[in-house]
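Here's the structure we're looking at; comments come further down.
Number of protein chains: 4
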Amino acid sequence: MGYVDGGHLKAFIERVEKLEEEKRSIGDDIKDVYAEAKSMGFDPGVMRKIVSLRRQDSGRREEEANILELYLQTLGMA
Amino acid sequence: MGYVDGGHLKAFIERVEKLEEEKRSIGDDIKDVYAEAKSMGFDPGVMRKIVSLRRQDSGRREEEANILELYLQTLGMA
Amino acid sequence: MGYVDGGHLKAFIERVEKLEEEKRSIGDDIKDVYAEAKSMGFDPGVMRKIVSLRRQDSGRREEEANILELYLQTLGMA
Amino acid sequence: MGYVDGGHLKAFIERVEKLEEEKRSIGDDIKDVYAEAKSMGFDPGVMRKIVSLRRQDSGRREEEANILELYLQTLGMA
DNA sequence: TCAGATAAAATCGCGC
DNA sequence: GCGCGATTTTATCTGA
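Residue numbers (our numbering), protein chains in the order written: chain F, 141 to 218; chain W, 141 to 218; chain Z, 141 to 218; chain R, 141 to 218.
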């Protein structure tokens, strides 16, 4: 122990950093969309709520599917 | 008063949702990189710390470190 | 700058640590409840899902109230 | 098969929810302490770091710090 | 600039 | 012991 393959480590770190940069860039794009919408008279706060509610909806649907499956498993095990 | 252009609103919402989906996808890619690194013997926890350290603006980091140092000394922990 | 009231700082830190200890203790109590339920034949996984869904429900109700208020404000401003 | 004792289940769920409510309440208390400290001129961010440092098991902290150091040296960042 | 809300990151704990 | 998911904590962002 004590040896580290610096070349590989560096490559991994840089891949992560590149991906994080892309992610940040998309985050900026999202902000731009809200700004553009706002400039056209839409309320960004309301828009964010809508997006959030729609996200929760799909999340909840998934959860419900999961719990259904769990119930079936539980019954199947009994 | 009270009129909302639903067509434009819908388009904006969908653009945001598409971008958020891409963002999530990149997040998954990042997880994959860490997993791959781990499978080669690297410690993902430490790698994350490195990425985090590099991400922080060094100026602010030093500033905060100084305050922390001061507090620790005050508490007799340094 | 450079002076820190160590007495007050220490007191605050200790208050936080005491509260965190209580929080951890309650977390343990929760685990105990699940364990007890499991010993009586209930499925902890299913129970957690139920608790989670009920929590989401109240959260969603709040969010819907928020968005309603936002809409009203938006209309009131128009 | 398929029978569930709803009375007991409901009781367990409610015990969990009550405990979770208490936990949330203590979380709020902690936030209050930080707010009060801030109002007296302390830096909450730094205070959180101190609490975090004290919480960490020092043995494990040293272990991880060593690996981090090794990686940083390998990358030429140390 | 600050508080409050939102989202991201790190950590923790469970089940497999 | 490992991955996965939930929780918690941190950081960012928005609006006052």
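Each residue gets a CB set at the ideal place from its N, CA and C atoms; glycine is no exception.
For a contact defined as C-beta to C-beta under 7 Å, what are the partners of residue i on chain W?
{"i": "valine 144 of chain Z", "result": "Leu210, Tyr211, Thr214"}
{"i": "valine 173 of chain R", "result": "Ordered by position in chain W, no residue passes the 7 Å Cβ test against valine 173 of chain R, which lies about 16 Å from the chain."}
Does DSSP put residue i in a helix, in a strand, or in coil?
{"i": "leucine 210 of chain W", "result": "helix"}
{"i": "alanine 244 of chain Z", "result": "The requested residue 244 of chain Z does not occur in the structure, where chain Z is confined to residues 141 to 218."}
{"i": "valine 156 of chain R", "result": "helix"}
{"i": "glycine 167 of chain Z", "result": "helix"}
{"i": "alanine 218 of chain W", "result": "coil"}
{"i": "glycine 181 of chain Z", "result": "coil"}
{"i": "glycine 199 of chain W", "result": "helix"}
{"i": "glycine 147 of chain W", "result": "helix"}
{"i": "glutamate 161 of chain Z", "result": "helix"}
Taking the alpha helix (DSSP H) that residue i falls in, what are its first and last residues?
{"i": "glycine 185 of chain R", "result": "184–195"}
On the criterion of 16 or more Cβ atoms from any shown chain inside 10 Å, does residue i qualify as buried, or is it exposed?
{"i": "alanine 177 of chain R", "result": "buried"}
{"i": "leucine 208 of chain F", "result": "exposed"}
{"i": "valine 156 of chain F", "result": "buried"}
{"i": "aspartate 183 of chain R", "result": "buried"}
{"i": "leucine 193 of chain R", "result": "exposed"}
{"i": "methionine 217 of chain W", "result": "exposed"}
For a contact meaning CB atoms closer than 7 Å, what does residue i contact in chain F?
{"i": "alanine 177 of chain W", "result": "Phe152"}
Under 9 Å Cβ-Cβ, which residues of chain F neighbour residue i?
{"i": "tyrosine 203 of chain Z", "result": "The displayed chain sequence assigns glutamate, not tyrosine, to residue 203 of chain Z. Within chain F, the residues near glutamate 203 of chain Z are Lys189, Ser192, Leu193, Gln196."}
Show which residues of chain W have a CB atom less than 9 Å away from the CB atom of residue i.
{"i": "isoleucine 170 of chain F", "result": "Arg155, Val156, Leu159, Glu160, Lys163"}
Interface residues of chain R around residue i at Cβ under 8 Å?
{"i": "isoleucine 207 of chain W", "result": "Asp183, Val186"}
{"i": "glycine 167 of chain Z", "result": "Lys163"}
If the cut is a Cβ gap below 9 Å, which residues of chain Z does residue i touch?
{"i": "methionine 217 of chain R", "result": "By Cβ distance, chain Z contributes nothing, its closest Cβ being about 30 Å from methionine 217 of chain R, past 9 Å."}
Exercise for the section: Check whether the segment 155–171 of chain Z touches the segment 150–169 of chain R, taking contact to mean three or more Cβ pairs, one atom from each stretch, closer than 8 Å. Expected result: yes
Handout entry: Stretch-stretch touch, CB-based, cutoff 8 Å, three pairs: the segment 203–217 of chain R with the segment 143–151 of chain F
Key = yes
Practice task
For the segment 186–200 of chain Z and the segment 200–211 of chain F, state whether three or more C-beta atom pairs, one from each stretch, are separated by less than 8 Å.
Solution key: yes
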